[in-house]
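Chemist:
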Amino acid sequence: MFGLGGGELLLLAFIALIFIGPKKLPELAKGLGKGIREFQKAKDDIVQEVVEDRPKVSESSGSPSSHLKEDEQKLHKD
Numbered sequence: 180m181f182g183l184g185g186g187e188l189l190l191l192a193f194i195a196l197i198f199i200g201p202k203k204l205p206e207l208a209k210g211l212g213k214g215i216r217e218f219q220k221a222k223d224d225i226v227q228e229v230v231e232d233r234p235k236v237s238e239s240s241g242s243p244s245s246h247l248k249e250d251e252q253k254l255h256k257d
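Take any residue in the sequence shown, count from 1 to its spot, add 179: that is its number in our numbering.
Printed below as a string of C-alpha cells:
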C-alpha cells in the first residue's frame, strides 16, 4: 500500500492518533472509507458504461474501408 511497510503504517497511525485525537480518529477513518468506496463505485460505473457502449460505437461507425468505397462510388457518379 503506497510502498509503506507495517512499521511505517503503525507510526503514521500513532501520529494521527496524537494529532487528531482518539475521539475524532474513528469518524475520520469512517469518512475516508466512505469516500474511497464512492470513488471505487464511480470508477466501476464508468468502466461498465464504456464496456457496454463499445459495441454500439463499433457497429455505428462501420469499417473505414466501407466509408472509402461509398465515397469512391459517389465520386464516380459525379
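We treat Cβ as the ideally placed atom computed from N, Cα and C, and that holds for glycine. Being a predicted model, the structure only gives us computed values, none of them experimental.
By DSSP, does Leu183 sit in helix, in strand, or in coil?
Modeler: Translated into the one-based positions of the sequence shown, residue 183 becomes position 4. In the structure shown, Leu183 sits in coil (DSSP, three-state: anything other than H, G, I, E or B).
Chemist: Looking only at its chain, what residues have a beta carbon closer than 7 Å to the beta carbon of Ala195, apart from the 5 residues adjacent to it on each side?
Modeler: Sequence index remark: in the sequence shown, residue 195 carries index 16 (1-based). Answer for Ala195: Leu204, listed in chain order.
Chemist: DSSP three-state call for Lys220: helix, strand or coil?
Modeler: Here residue 220 refers to the residue found at position 41 of the sequence shown. In the structure shown, Lys220 sits in a helix (DSSP, three-state: H, G or I).
Chemist: Going by the beta-carbon positions, is the gap between Leu207 and Ile199 smaller than 8 Å?
Modeler: Numbered from its first residue, the sequence shown carries residue 207 at position 28. Numbered from its first residue, the sequence shown carries residue 199 at position 20. Yes, the Cβ-Cβ distance between Leu207 and Ile199 is below 8 Å.
Chemist: Taking only three categories from DSSP, how would you classify Lys202?
Modeler: Here the question's residue 202 lines up with position 23 in the sequence shown. Three-state result, Lys202: coil.
Chemist: Using C-beta distances below 7 Å, list every residue in its chain close to Glu249, excluding the 5 sequence neighbours before and after it, in chain order.
Modeler: Here residue 249 corresponds to residue number 70 of the sequence shown, with the count starting at 1. Correct list: empty, nothing qualifies.
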